[in-house]
Amino acid sequence: MLEVGKLYSCSKYFLLLYPDRETASAVPYASAHVAAAATTVAAYWTKKLQKPVSYCEPKTPLLVLNTDNHYAEVLVGDKVVWIINEDRLNIVTEIGRASCR
């Protein structure tokens, strides 16, 4: 489970970034394996939801500002956005903590 105030990153995937929790809740998945797929998926959801959906590259630091069971508000660079918290998949790990994979 993500903890407020801690830094995390996703080492293997491009994470989709949403402008608000409601937009994140309208999307059934949160990551892509390659940049081309992330670009395509972000463009699709931006057009469909008429809100800006973007993505971050693997290993981008994410500072958790707020969280609940399925979503987390994070600071990515200078932008505050929301991610889908796929805790069951362990795709986001705390920075500085060794991964079991």
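Numbering (the working numbering), first residue to last: 23 to 123. In this text, a Cβ means the ideal position worked out from N, Cα and C, and glycines have one as well. As the structure is a computational prediction, the values presented were derived from the model and not from experiment.
Less than 7 Å separates the beta-carbon of P80 from that of S33. Excluding the 5 residues flanking it on each side, S76 has same chain C-beta neighbours closer than 7 Å at L39 and A64, in chain order. Sequence-distant partners of D42 (beyond 5 residues in either direction) whose C-beta falls short of 8 Å from its own C-beta, in its chain, are K73 and W104.
Taking the Cα positions, Y30 is about 13 Å away from N88. Fully enclosed beta strand (DSSP E) runs of no fewer than 3 residues occupy 76 to 78, 84 to 89, 93 to 98 and 101 to 106 of the stretch 72 to 119, in order along the chain.
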